[in-house]
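S.K.: Next up is a structure, given as structure tokens.
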Amino acid sequence: MTTTLANLPPQRLEITANPEFVKLAITLQDGTAILGKTPFSQHVPGGNIHIDFTKSGYNSTSRDLTLDRSTAFKIWLDPEGRLYQSLVRFKCGPNPKQVIFTPDGTELGTSLLGGYGLEIYEPTTGKKLGGVKLGEHGAVEVVFTRDGATAYASQMETASVYEIDRTTREVKRQFDTGGSWTKVLLLSPDEKTLWASNWVSGDVSEIDLVTDTVTKLADTDRRPNSMDIGPDGRVLYMSNRGKDNPKTYYIPGPEWGTILAIDTTTGTILDAIVGGNQCTGLDVSPDGTLLAFSDFLDNKIRVYSIPPYDTLVAGGGGRAEDRFEDMIKD
């Protein structure tokens, strides 16, 4: 036997959609239905309701909600056949450079290259939860500690890294990297060290998070881009795009890109790989045995096996010195 509930007092319900005109069917908690289309705006009997949305050429979708107050929302229909489903789209501050989920997935942050720091949102609704102002400039890259309690954000204009308490959204510390145009950040496996690549000065800064000291780990090649580290934390890998073409970086420049293997203890370059046009993306496999990187303008991915650490240390720098000749195009 099915038990139906009486509807609650009516509440204002407003629904808009993309595309603009979408058929909808509202099933009330007493089992009756209301048919309509978006844009929809009227008083609807309250309670637990189910809404189906349909339009020819688009995937159908639905929403369940408790209508106990005035409610307004927007839905997005995806083209027929798409397997992913749109949940929400929302406006944010100027020039969002990065989006990043907190480790527990409950918040979504974005760094505003053209704003004044970070904004934080509820991922499934787009509701703004707060923000972090980083002086008079924006932020570039953000990384979290594994427990999600602390975030680090880089700022190019001031060559700074900010340590942020996630709960209070307050800046706890600001580090001057000593470089120029600080961008990419990388935490060590034990989270006691933070590395920051400096785009213009061409070097990597090392921040000791225990002692608050900042030193230069190593010089890089031109336009250092991405970083990663093996699981033992002993070798840092850095991709370098190379010197830009004087006309635009969208076309090949006078140098090949490079990958540098840097000893995190000594700052010594253990080996160098000369790649193609603008080495950009880079990643080390979870077990530390493989290195992959991209040649951005060549539409190419390269994968290398990683030798044991002792082999790198005893290798006399590999082709680290030879790379200066190798990277120059004929």
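Using our numbering, you'd call the opening residue of the sequence shown number 650 and step up by one each time. The beta carbon of each residue, even a glycine, is placed where N, CA and C say it ideally should be.
1. Assess, as a yes-or-no matter, whether the segment 776-788 is touched by the segment 755-768 under the definition of 3 or more beta carbon pairs within less than 8 Å.
2. Under 8 Å Cβ to Cβ from Val863, same chain only, skipping five residues before and after it: list those, please.
3. Counting only C-beta atoms, is Glu970 closer than 8 Å to chain B at any point?
4. Could you give the residue range of the alpha helix (DSSP H) that holds Thr960?
5. Since Glu974 is in the alpha helix (DSSP H), which residue starts that stretch and which ends it?
6. Go through its chain and collect everything with a Cβ distance to Ser829's Cβ below 8 Å, but skip five positions before and after it.
7. If distances are taken between C-alpha atoms only, which option among Gln678, Ala800, Gly891 and Pro743 comes closest to Lys821?
8. Do the segment 932-940 and the segment 967-979 meet, that is, are 3 or more Cβ pairs less than 8 Å apart?
9. With distances taken Cα to Cα, identify the nearest neighbour of Thr665 among Leu684, Pro688 and Ala674.
10. Report buried or exposed for Asp753, applying the criterion of at least 16 other Cβ atoms within 10 angstroms of its Cβ.
11. Which ranges would you report for the beta strand (DSSP E) in the segment 874-950 if only whole runs of at least 3 residues count?
12. Return the first residue and the last residue of the beta strand (DSSP E) that Lys865 is part of.
13. Is there contact between the segment 949-967 and the segment 917-935, where contact requires at least three CB pairs shorter than 8 Å?
14. From Ile683 to Ile749, what does the alpha carbon distance come to, in whole angstroms?
15. Which partner residues does Ser711 have in the DSSP bridge list?
16. Is it the case that the Cβ atoms of Thr907 and Gly891 are separated by a distance below 8 Å?
17. Using the C-alpha atoms, what's the distance from Gly879 back to Thr759?
18. Can you give me the Cβ contacts of Asn894 inside the same chain, cut-off strictly under 7 Å, excluding the 5 residues immediately before and after it?
19. Grab the span of the beta strand (DSSP E) containing Tyr770 for me, first residue to last.
20. Which same chain residues, not among the five before or five after Val737, have their C-beta less than 7 Å away from its C-beta?
21. Quick check on Arg661: does DSSP put it in helix, strand or coil?
22. Relative to the alpha-carbon of Gly924, which residue among Asp944, Gly916 and Leu866 has its alpha-carbon at the smallest distance?
23. Among Lys832, Leu835, Phe793 and Pro838, which has the Cα closest to the Cα of Thr816?
24. Do you know offhand how far Pro659's Cα is from His692's?
25. Quick check on this structure: which residue in Pro957, Cys928 and Glu771 has the alpha carbon closest to the alpha carbon of Gly882?
26. Under 8 Å, do Glu790 and Leu757 count as touching if we go by C-beta distance?
27. With DSSP run on the structure shown, which of helix, strand or coil describes Ser846?
28. Taking just the CA atoms, how far does Gly797 sit from Ala674?
29. If contacts are defined as beta-carbon pairs under 8 Å, then Leu677 and Asn708 qualify, I think. What distance do you get, rounded to the angstrom?
30. For Tyr770, which residues in the same chain have their Cβ closer than 8 Å to its Cβ, ignoring the five residues on either side in sequence?
31. On the criterion of 16 or more Cβ atoms from any shown chain inside 10 Å, does Phe670 qualify as buried, or is it exposed?
32. How long is the line joining the alpha carbons of Thr720 and Val810, rounded to whole angstroms?
33. Pick out whichever of Asp932, Ser837 and Leu662 has its Cα sitting closest to the Cα of Phe722.
34. Near His699, which residues of its chain fall below 7 Å by C-beta distance, leaving aside the five closest residues on each side in sequence?
M.R.: According to the structure data:
1. yes
2. Locating residue 863 in the sequence shown gives position 214, counting from the first residue. The residues Phe824, Asp825, Thr826, Gly827, Ser854, Glu855, Ile856 and Asp857, in chain order, have a CB closer than 8 Å to that of Val863 in the same chain once the five nearest residues on each side in sequence are set aside.
3. In summary, chain B is missing from the structure at hand, where a single protein chain is found.
4. Residue 960 sits at position 311 when you count from the first residue of the sequence shown. Note, Thr960: alpha helix (DSSP H), Tyr958 to Val962.
5. Counting from one through the sequence shown, the residue named residue 974 turns up at place 325. Taken as a continuous stretch (DSSP letters only), the alpha helix (DSSP H) holding Glu974 covers Arg972 to Asp975.
6. Position 180 of the sequence shown holds residue 829. Correct list, in chain order: Ala808, Asn847, Trp848, Val849 and Ser850.
7. The sequence position of residue 821 within the sequence shown is 172, counting from 1. With distances taken between Cα atoms, Lys821 lies closest to Ala800.
8. no
9. Within the sequence shown, numbered from 1, the residue matching residue 665 stands at position 16. For the residues Leu684, Pro688 and Ala674, the minimum Cα distance to Thr665 belongs to Pro688.
10. Against the sequence shown, residue 753 aligns to sequence position 104. Exposed: under 16 other Cβ atoms inside 10 Å.
11. 884-889, 907-912, 918-923, 928-933 and 939-944
12. The residue labelled residue 865 in the question sits at position 216 within the sequence shown. That run of the beta strand (DSSP E) goes Thr862 to Asp868.
13. Touching, yes, given that three or more Cβ pairs across the two stretches are closer than 8 Å.
14. If you number the sequence shown from 1, residue 683 lands on position 34. If you number the sequence shown from 1, residue 749 lands on position 100. Distance between the alpha carbons of Ile683 and Ile749: 40 Å.
15. Here residue 711 refers to the residue found at position 62 of the sequence shown. Its beta-bridge partners are Asp701.
16. As a first step, residue 907 must be located in the sequence shown, where it is residue number 258. As a first step, residue 891 must be located in the sequence shown, where it is residue number 242. Result yes, Cβ atoms of Thr907 and Gly891 sit closer than 8 Å.
17. Start at 1 with the first residue of the sequence shown, and residue 759 comes out as number 110. Start at 1 with the first residue of the sequence shown, and residue 879 comes out as number 230. Their Cα atoms are separated by approximately 27 Å.
18. The residue given as residue 894 occupies position 245 in the sequence shown. Hits under 7 Å: Ile900, Pro901 and Gly902.
19. The residue labelled residue 770 in the question sits at position 121 within the sequence shown. Run containing Tyr770: Gly766 to Tyr770, per the beta strand (DSSP E) assignment.
20. On the sequence shown, residue 737 is found 88 positions in, with the first residue counted as 1. The residues are Thr773, Thr774 and Gly775.
21. As a working note, residue 661 is residue 12 in the sequence shown. Correct three-state label for Arg661: strand.
22. Taking the first residue of the sequence shown as 1, we reach residue 924 at position 275. Comparing C-alpha distances from Gly924 to each of Asp944, Gly916 and Leu866 shows the shortest one belongs to Asp944.
23. As a first step, residue 816 must be located in the sequence shown, where it is residue number 167. If we check each option's Cα against that of Thr816, Phe793 comes out closest.
24. Your numbering for residue 659 matches position 10 in the sequence shown. Your numbering for residue 692 matches position 43 in the sequence shown. One Cα belongs to Pro659, the other to His692, and the distance between them is close to 6 Å.
25. Against the sequence shown, residue 882 aligns to sequence position 233. For the residues Pro957, Cys928 and Glu771, the minimum Cα distance to Gly882 belongs to Pro957.
26. For the purposes of this step, residue 790 is taken as residue 141 along the sequence shown, with counting starting at 1. For the purposes of this step, residue 757 is taken as residue 108 along the sequence shown, with counting starting at 1. Result no, Cβ atoms of Glu790 and Leu757 do not sit closer than 8 Å.
27. By one-based count along the sequence shown, residue 846 stands at place 197. Strand at Ser846.
28. Mapped onto the sequence shown, residue 674 falls at position 25. Mapped onto the sequence shown, residue 797 falls at position 148. One C-alpha to the other measures close to 41 Å.
29. Counting from 1 along the sequence shown, the entry for residue 677 is found at position 28. Counting from 1 along the sequence shown, the entry for residue 708 is found at position 59. About 24 Å; that fails the 8 Å criterion.
30. As a first step, residue 770 is located in the sequence shown; it is residue number 121 there, counting from the start. So the list reads Phe739, Cys741, Glu756, Leu757, Gly758, Thr759, Lys776, Lys777 and Leu778, once near-sequence residues are dropped.
31. Along the sequence shown, one-based indexing puts residue 670 at 21. By the neighbour-count rule (16 or more Cβ atoms within 10 Å), Phe670 is not buried but exposed.
32. Reading the sequence shown from its first residue, position 71 is the one you call residue 720. Reading the sequence shown from its first residue, position 161 is the one you call residue 810. Roughly 41 Å separates the two Cα atoms.
33. Along the sequence shown, read from residue 1 onward, the residue named residue 722 stands at position 73. Comparing Cα positions, the closest option is Leu662.
34. Translated into positions along the sequence shown, residue 699 becomes position 50. Around His699: Thr676, Ser711 and Asp713.
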